Every structure is written in C-alpha cells, then in structure tokens.
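Just so you know, the UniProt record's numbering puts 453 at position 453 of the sequence shown, and the rest follows in order with no gaps.
Structure record follows, encoded as structure tokens.
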Amino acid sequence: MSEISNTAGKPKKQLIINAFVESCSGHQSPGLWRHPDDRSWDFNNISHWVKLAQLLEKGKFHGIFIADVLGSYDVYKGPRNPDPAIISGAQWPVNEPLATVPAMAAATKNIGFGVTVATTYEQPYHLARRLSTVDHLTGGRLGWNIVTGYLDSAARNLGHTEQPSHDERYAIAEEYVDVTYKLWQSSWRDDAVKLDREKGVYTDPSLVRLINHEGKYYNVPGPHICQPSPQRTPVILQAGTSKAGKNFAAKHAEAIFVAGHSPVTVAKNVAEIRALAKEQFGRDPKTIKFLALFCPIIGKTQEEADAKYKEYVGYGSEDGALALFGGWTGIDLAQYGDDEELRYVESNAIRSAVESWSKSIPGVPKWTKHTVANHIKVGGLGATVAGTPERVADEMERWIDEADVDGFNLAYALMPSSFEEVISDLLPVLRERGLFWDDYAVDGGTYRENIYGKKGVARPPADHPAAQYHWTKD
Numbered sequence: 001m002s003e004i005s006n007t008a009g010k011p012k013k014q015l016i017i018n019a020f021v022e023s024c025s026g027h028q029s030p031g032l033w034r035h036p037d038d039r040s041w042d043f044n045n046i047s048h049w050v051k052l053a054q055l056l057e058k059g060k061f062h063g064i065f066i067a068d069v070l071g072s073y074d075v076y077k078g079p080r081n082p083d084p085a086i087i088s089g090a091q092w093p094v095n096e097p098l099a100t101v102p103a104m105a106a107a108t109k110n111i112g113f114g115v116t117v118a119t120t121y122e123q124p125y126h127l128a129r130r131l132s133t134v135d136h137l138t139g140g141r142l143g144w145n146i147v148t149g150y151l152d153s154a155a156r157n158l159g160h161t162e163q164p165s166h167d168e169r170y171a172i173a174e175e176y177v178d179v180t181y182k183l184w185q186s187s188w189r190d191d192a193v194k195l196d197r198e199k200g201v202y203t204d205p206s207l208v209r210l211i212n213h214e215g216k217y218y219n220v221p222g223p224h225i226c227q228p229s230p231q232r233t234p235v236i237l238q239a240g241t242s243k244a245g246k247n248f249a250a251k252h253a254e255a256i257f258v259a260g261h262s263p264v265t266v267a268k269n270v271a272e273i274r275a276l277a278k279e280q281f282g283r284d285p286k287t288i289k290f291l292a293l294f295c296p297i298i299g300k301t302q303e304e305a306d307a308k309y310k311e312y313v314g315y316g317s318e319d320g321a322l323a324l325f326g327g328w329t330g331i332d333l334a335q336y337g338d339d340e341e342l343r344y345v346e347s348n349a350i351r352s353a354v355e356s357w358s359k360s361i362p363g364v365p366k367w368t369k370h371t372v373a374n375h376i377k378v379g380g381l382g383a384t385v386a387g388t389p390e391r392v393a394d395e396m397e398r399w400i401d402e403a404d405v406d407g408f409n410l411a412y413a414l415m416p417s418s419f420e421e422v423i424s425d426l427l428p429v430l431r432e433r434g435l436f437w438d439d440y441a442v443d444g445g446t447y448r449e450n451i452y453g454k455k456g457v458a459r460p461p462a463d464h465p466a467a468q469y470h471w472t473k474d
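Listed below in structure tokens is the structure:
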C-alpha cells in the first residue's frame, strides 16, 4: 500500500478494500436474506459468485475475503442446539470457500481472493497442495486466512470430542505453517521444471528435494507434490487478538483482520502487534496491513441512510444474531430475561463484553440481550455506519487516524446492492480524498503485488518467516 501527499503535506494512506463474504446467506447480517432486494441466498449458484467478482473488480476492490466455519452455531438456547441458526439461516447452511475461487478468477484479471482455512483439522501436506493448485489457477491471486477454529460443533464432527485448548491450537498452527512454508518455498528450486522435449525431461529431480519435517504434531518428509506457484506462499492473512493470536499474527501475518465497534477498541491491538512484529520477529511493522470490519449503510441524505438502517434491523433475526454471538463468544444469552441489564449479571465475560460496547457506543440506556442482538443484526461485531457517502468516508478516515488501520473488509447488509452502492457512491469520495486508487497498481499482478502496490513482490518479503526457506538458483 502506497502513500500520497495531501494538500496539508501529511501523507495519506491509500486504503486496501476487500469485500467480506461467506458462502452462505446473510453472513454478518443474519436474517437479511428475507429482504426483497437481497440475493445472498443464491450462494449455491456459481454465476452469483462470478457476477460478484466482476462487479468488485470493476470497482477496483483489492480482494474478496471469504470467511468460513466448519460447524453450526449451537451455543444459544443450548447446549448443542443448532436450531436457532438453522431456522434463521445464520451462517447455515454454508459451503466450502475455496471451490468458487477458480471460477471467479477465470472471469476476472486482477482481484485477489483471501480464503479462510483452519489449521486444526486438516493435514498441511494436503492443504499445501490445494492452495498451490488454486494459486496456479488464479495466476497468483490467492491469500490464506489462517484460523485455528472456535466452534466445538466443528471439532465433534472432525474426530475430536472437543476443540484442543486455545493455546494448543496456536501451537498446532505454528508447526502447521512451518510445514507449509517448507513445502512451498524449499521443496522445489525456481528452475526445477525444464519441459525439455528433446531430452524428455519434464522436471530435474536434482532440483526437487525432501523437507524431512519431524515435529510434535506432524511428520512430513515431502517433497511438495506441486511445482512452485506464482506466489509460492499465498498472502498470509490472519484474525486473532488473544495473546497467542497476537504473537502468531506478528510473526506470520501480512494482513490482519480486526473487528470492533469503534477505533479505540482495536487501536491497542494494532499497536501491540506492530511492536511485537518489530521487536520480537524483526519485521517492518509498516508492511503489515490491518483491515477493519466495516459495514456501510449509504444514503443520499442522513435521513435516508438512517431509514435504511432501521429497515434492515427490522428484517434481521434476533435469534440468528444471538446464535452468532453465542458461537463467537461461547456465551448463551438465552439464560437472561428479555429486560435484564447485562452490565450487572454475574458473568465476567458478559459484563466485559457489554462494558466494551457501552464505551464505544455511548448513549444506550440499557444493555439487554435485545440490545446486543440489534447491534449484531447489521454488520456483526464490526463498525456499522449509516450516512451519506461523505459521512461514511469521514468515519473511515477516523479509523485510519485513531486505530492506524490500513484498510477495510467491507461487510454487506444486502447482496449485492451494498457493494453496488459502495462502488457508485462511496469509492468516488474516497478517491477525491486521495484514499483509494483509480486502478490496480499491477495490472494482471498477484494478490501480494497489489496489496503492497508494487510490481515484482509476488513472493513473501525477506523479513517474513517463509522467506528463509526459499530455494533459489543463486
């Protein structure tokens, strides 16, 4: 991401803008599939995804960030009760996220694809092959959003009685990515593939080697079964702000997804991760891109935007919102009365969550589970801003200034009209302010090149842990 100077002489960030989606209905706005203008329920149709990718590329979005879960949200009205999520369509049903990417890539040229895959339940050798394949098929436009999983319902369906502990999941992830880096970066030399028709040599075997990884969780001799893809290692994306998550992000992530209702709630995490990256892992903290969850509701006037937001909340599902909240936090709000003030309940976790909200959203007289649901119905746990394009742009600038973020993962209220409004109304304002590019920095480039805004940086940078394994001709 480059910087340009404004008239006051202070450099302005040029924002990274991704669309935040999932292969399900509603995603961060549970229940809005009921709205007559929403098409998110059409996610089983490949043309739905192709048209979305083409729309977003026309708007010059950097990428499509595809979330995923491997189980149902079954904490609310539980335990182990998926019915509220199933009835409301709250990230249920949900399809595999990688499958649509090659089709979207075939219909586009520049937009990238950040795909969520958990490290806890899949062998690294297998995933390395899948991601190399898709990096090839997209021309190097793939990112991997590394998650460790958070739903016990997923663990029960994938060979576990429950999830490994939080810190163990990150220990598994640490070894997991080390295996993938070795497979992607170290197993093949850049010039291993010869395609020598005269001698009948497809690949020089002396330029393909074992990785011989032996660890606590994985034993992977190699070699990698795929030849090096355009990026070798996909762009590494991550979302996690626990102590273990911050350390993992500071070491590995090239872009980090953060969520909060106001900049103050994420600014500390951004600063801590940048400091860790520099002090503990010798990385340039400015090269790490922070992307905030942001859901814009745009109107020609403030009154129109407010009316749209009110309408959307009316279509949202309270049970769906509380099912998502239960999965995200492990807290079942069904145990509390409809009018019970959550700031005074016995649960420290609930009081902490509500206190954080009340600081970032002042003026709410009483926090009940109904209040919580209404704040999740449109945009989830991120910032949802209703206003004119100018006001929404002002709020995005506030996030840049106060939280030091580098861009946004934009959630939708309605699919695809929310993105259409961003492209037609919001992006022109951001461009006028010097905050968003007119075109891709590298036409036909890799996802990494367009995130960094520089040609020739398709592979992980030198200070990234993957780079140490790179087998070059020199």
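By construction, the Cβ of each residue, glycine as well, lies at the ideal position given by its N, Cα and C atoms.
Remember, it's a predicted structure, so these values are computed and weren't measured experimentally.
With DSSP as the reference, identify every bridge partner of residue i, one or two as the case may be.
i           : result
Asp319      : Answer is none; Asp319 lacks a bridge partner.
Ile146      : Val117 and Gln238
residue 480 : Residue 480 is absent from the structure shown; the chain starts at 1 and stops at 474.
Ala19       : Ile64 and Leu410
residue 475 : Residue 475 lies beyond the stretch modelled for the chain, which goes from 1 to 474, so this question has no answer here.
Gly112      : Gly63
Within 7 angstroms: the Cβ of residue i and any heavy atom of the ligand COA?
i     : result
Glu96 : As for the ligand COA, it is missing from this structure, which has no ligand bound.
Can you give the Cα-Cα distance for residue i and residue j, rounded to whole angstroms?
i      : j      : result
Ser317 : Tyr76  : 13 angstroms
Lys243 : Gln302 : 40 angstroms
Trp49  : Lys60  : 16 angstroms
Thr287 : Asp406 : 10 angstroms
Ser347 : Lys369 : 14 angstroms
Arg448 : Lys58  : 19 angstroms
Pro263 : Ile17  : 17 angstroms
Arg189 : Val208 : 7 angstroms
Lys137 : Met396 : Position check: residue 137 holds Leu in this sequence, whereas Lys was assumed. Taking the straight line joining both Cα atoms gives about 34 angstroms.
Gly187 : Leu142 : For the sequence presented, residue 187 should be read as Ser rather than Gly. Going from the Cα of Ser187 to the Cα of Leu142 covers about 20 angstroms.
Arg80  : Asp152 : 9 angstroms
Gly63  : Phe20  : 9 angstroms
Ser2   : Arg459 : For Ser2, the pLDDT reaches just 36, beneath the cut-off of 50, and the residue's location in the model is therefore unreliable, leaving the point undetermined.
Leu322 : Tyr469 : 45 angstroms
Gly9   : Tyr412 : Residue placement at Gly9 is flagged as unreliable, the pLDDT there being 48, under the threshold of 50; the coordinate-derived value follows with that caveat. Their backbone Cα atoms lie some 34 angstroms apart in a straight line.
Lys473 : Gln227 : 15 angstroms
Asn6   : Glu390 : Annotation note: pLDDT 43 at Asn6 (below 50); position unreliable, coordinate value reported separately. So the two alpha carbons sit approximately 17 angstroms from each other.
Ser424 : Leu55  : 11 angstroms
His126 : Leu342 : 45 angstroms
Ser229 : Asp404 : 33 angstroms
Glu340 : Lys359 : 19 angstroms
Asn212 : Val220 : 6 angstroms
Gly445 : Lys454 : 9 angstroms
Pro296 : Thr384 : 6 angstroms
Pro234 : Asp178 : 14 angstroms
Val201 : Gly380 : 54 angstroms
Phe436 : Tyr73  : 36 angstroms
Taking the alpha carbon of residue i as the reference point, which residue from the options has its own alpha carbon closest?
i      : options                           : result
Asn157 : Val69, Gly456 and Ser417          : Val69
Ile111 : Ile297, Gly139 and Gly337         : Gly139
His464 : Asp439, Phe408, Phe65 and Pro285  : Pro285
Asp319 : Ser29, Leu15, Glu22 and Val21     : Ser29
Val354 : Trp367, Phe281 and Gly363         : Trp367
Val429 : Tyr309, Asn212, Asp394 and Pro228 : Asp394
Phe419 : Ala154, Ser23 and Ser40           : Ser40
Phe290 : Lys278, Glu279, Phe281 and Val270 : Val270
Ala277 : Ser417, Ile211 and Glu254         : Glu254
His166 : Lys109, Lys246, Gly215 and Asp204 : Lys246
Asn374 : Thr388, Ile66 and Asp338          : Asp338
Gly71  : Leu183, Trp328, Tyr170 and Asp38  : Trp328
Ile350 : Gly382, Ile361, Asp332 and Ser360 : Asp332
What do you reckon, are the CB atoms on residue i and residue j nearer than 8 angstroms?
i      : j      : result
Ala249 : Gly240 : yes
Ile376 : Phe325 : yes
Ala99  : Ala53  : no
Thr116 : Ala173 : no
Ala467 : Trp399 : no
Leu410 : Val422 : yes
Ile298 : Leu426 : yes
His224 : Ile236 : no
Val101 : Val147 : no
Tyr176 : Tyr218 : yes
Val378 : Tyr312 : yes
Gly89  : Gly26  : yes
Ala441 : Asn450 : yes
Ala386 : Tyr315 : no
Ile46  : Ala103 : yes
Does residue i have its Cβ less than 8 angstroms from a Cβ in chain C?
i      : result
Gly326 : Looking for chain C here will not work: only one protein chain is present.
query: Residue ranges of each alpha helix (DSSP H) run of no fewer than 4 residues wholly in the stretch 281–328, ordered along the chain?
result: Complete alpha helix (DSSP H) runs here, min 4: 302–315.
- prompt: Which ranges does the beta strand (DSSP E) cover as unbroken runs of at least 3 residues, wholly within the stretch 339–404, from first to last along the chain?
  reply: Runs of the beta strand (DSSP E) inside the stretch 339–404: 383–387.
- prompt: Taking only runs of the beta strand (DSSP E) that begin and end inside the stretch 191–261, which ones reach a length of at least 3 residues, in chain order?
  reply: Those beta strand (DSSP E) runs which fall completely within the stretch 191–261 and span 3+ residues are 193–196, 201–203, 235–238 and 255–258.
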